[in-house]
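Trainee: Residue numbers (the working numbering): 718 to 1203.
Ideal placement from N, C-alpha and C gives every residue a C-beta, glycine not left out.
Remember, it's a predicted structure, so these values are computed and weren't measured experimentally.
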């Protein structure tokens, strides 16, 4: 900065009136200091900003009046003051991070310059020019807060978008809850009863029965339907990574954590969290899950900051959780927290009468996916489907249909031969070797009757599956003393 002649700013006798008018008119506060650091000039803007009048400060050390403390209230020694340092070394300084104290004890943030004043090459004093930057600081703070909010929302949208893309990539089509069997009607009734509550639901069932579909319908029919449904397969992650997946982590929380990441609990806030294969949780993760359920709060991995959430929890497993509790693999207190409203999804083999409706629905979905125009399954093909025991349940049925549709060149699926079940066939053969022909026949008829829910006639009845008229089947049942259990 250019040195200023002290005559231009002090109240000495040779000070020109027109210069006095100019200095009095500027909006910045101006102080003039002599070599002892005492005030020799104060303009009206300085008086207005600080509340100190000229007659109160002239000839005094201004630092002691309103520059004696930092903005946190701690002592500010005069030896550290930039203004007085300029008096010592003649070096100009610009300061933007300090406060001046008013006469009433309040303070305001300032931007000021400390400029040496020379006369004939000799240092005569210092001029300090300052302005109140309270509005600027408030604006900066508001902008920072707004930016943090925008960044937080952007981060949340980014995570949700990434999660939804993964969900869409993983899904092969919504198969719907199809069927008219008693088991399915009871399942749908249970979903409708509990969906619109906040109760925790535990969905049990074999792999491939459609537990995730039940969870989606519970969310769709709930008060949280317009909020996110976030799913996580607890069996898909190692114990070390699952905690990070559920609760998120801070940057540097562990090797490979190069960025902060929100967990599924945080993404599901105000919505529904679906934990599939919950039995796979480690005991440590079970303990943390129990705390979240009880207190609706958690910390990210590597952070001590508590995050509060409002979620509705739905869990699923193909294991017998109570048995795992007895084995010491699952916490009993968590089991009772999760098992508030249990729903059991029936296996496909216990509702074979639903196969035609399931097949019809699946064919429509697969036609769109594969670009095919399959119209139906032949009667014999439907019988073959009804003979199968479906250890993989609806998922296996979907895969079998998809494979058959890819191979088919016509509009009707035949299902000449389904994939065999080596283990089951070997076991059956070993048993049959020790049985009489009548015993084998009786066991086979009983198996088919159970699979068809004791329906004898009709396209998927036991008689059609066995390839005999219903009257012949009834005759064989009578001869082999086969009766439907009461």
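(1) With residue 1098 and residue 1132 assumed to form a contact (beta carbons below 8 Å), what rounded beta-carbon distance in angstroms separates them?
(2) Extract the residue ranges of the alpha helix (DSSP H) inside the segment 914-961, only unbroken runs of 4 or more that lie entirely within it.
(3) Going by beta-carbon coordinates alone, are residue 810 and residue 783 separated by less than 9 Å?
(4) Could you check how far apart the C-beta atoms of residue 945 and residue 984 are, in whole angstroms? I think they sit under 8 Å.
(5) Measuring CB to CB, does residue 1193 end up less than 9 Å from residue 1070?
(6) Considering only the alpha carbon of each residue, which of 1034, 926, 805 lies closest to residue 834?
(7) Would a C-beta distance cut-off of 9 Å place residue 994 and residue 934 closer than the cut-off?
(8) According to DSSP, is residue 1177 part of a helix, a strand, or is it coil?
(9) Are the segment 1012-1019 and the segment 959-967 touching by the rule of at least three beta carbon pairs closer than 8 Å?
(10) I want to check one thing, is the minimum distance from the CB of residue 1173 to the heavy atoms of the ligand FAD below 8 Å?
(11) Can you name the residues that DSSP bridges to residue 1061?
(12) Helix, strand or coil for residue 1112 per DSSP?
(13) Near residue 866, which residues of its chain fall below 7 Å by C-beta distance, leaving aside the five closest residues on each side in sequence?
(14) Can you give the Cα-Cα distance for residue 1191 and residue 1156, rounded to whole angstroms?
(15) Measure the alpha-carbon distance for residue 902 versus residue 948 and round it to whole angstroms.
(16) If you count every other CB in all the chains shown that lies within 10 Å of the CB of residue 971, and 16 or more means buried, which is it?
(17) Assign residue 1033 to one of two classes, buried (16 or more other C-beta atoms within 10 Å of its C-beta) or exposed (fewer than that).
(18) Among 1087, 1118, 1072, whose alpha-carbon lies nearest the alpha-carbon of residue 1104?
(19) Would you mind giving the Cβ-Cβ distance between residue 1084 and residue 1090, rounded to the nearest angstrom? I have them listed as a contact below 8 Å.
(20) Round the Cβ separation of residue 1041 and residue 1047 to the nearest angstrom and send it over; I've been treating them as touching at under 8 Å.
(21) Could you tell me whether the Cβ atoms of residue 1111 and residue 1031 are closer together than 9 Å?
(22) From the DSSP output, in three-state form, read off residue 1153 for me.
(23) So for residue 825, helix, strand or coil by DSSP?
(24) Could you give the DSSP three-state label for residue 1020: helix, strand or coil?
(25) Under 7 Å Cβ to Cβ from residue 687, same chain only, skipping five residues before and after it: list those, please.
(26) In the DSSP assignment, find the beta strand (DSSP E) that holds residue 840 and state where it starts and stops.
(27) Comparing C-alpha positions only, which one of 828, 916, 1003, 1167 sits nearest to residue 1068?
(28) On the premise that residue 762 lies in contact with residue 773, defined as a C-beta separation below 8 Å, what is that separation, rounded to the nearest angstrom?
(29) Find out if the Cβ-Cβ distance for the pair residue 904, residue 894 is shorter than 9 Å.
(30) From residue 1007 to residue 870, what distance separates their C-alpha atoms?
(31) Taking Cβ to Cβ, would you say residue 1013 is nearer than 9 Å to residue 1027?
(32) Could you name each continuous alpha helix (DSSP H) segment of 4 residues or more that falls completely within the segment 1030-1080, going from the start of the chain to the end?
(33) Please determine, among 1023, 1087, 856, 1038, the residue with the shortest C-alpha to C-alpha distance to residue 921.
(34) Which residues share a DSSP beta bridge with residue 746?
(35) For residue 767, count neighbouring Cβ atoms within 10 angstroms of its own Cβ and tell me buried if that reaches 16, exposed if not.
(36) Assign residue 759 to one of two classes, buried (16 or more other C-beta atoms within 10 Å of its C-beta) or exposed (fewer than that).
Mentor: Based on what the coordinates show:
(1) 4 Å
(2) 928-937
(3) no
(4) 6 Å
(5) no
(6) 805
(7) no
(8) coil
(9) yes
(10) Of the ligands one can find in the structure shown there are none, so the ligand FAD has no counterpart to examine.
(11) 921
(12) helix
(13) none
(14) 17 Å
(15) 25 Å
(16) exposed
(17) buried
(18) 1072
(19) 6 Å
(20) 4 Å
(21) no
(22) coil
(23) strand
(24) coil
(25) The first residue shown for the chain is 718 and the last is 1203, placing residue 687 beyond what the model contains.
(26) 839-849
(27) 1167
(28) Their Cβ separation, rounded to whole angstroms, is 16 Å, which puts residue 773 and residue 762 out of contact at 8 Å.
(29) yes
(30) 28 Å
(31) yes
(32) 1038-1043, 1049-1055
(33) 1038
(34) 847
(35) buried
(36) buried
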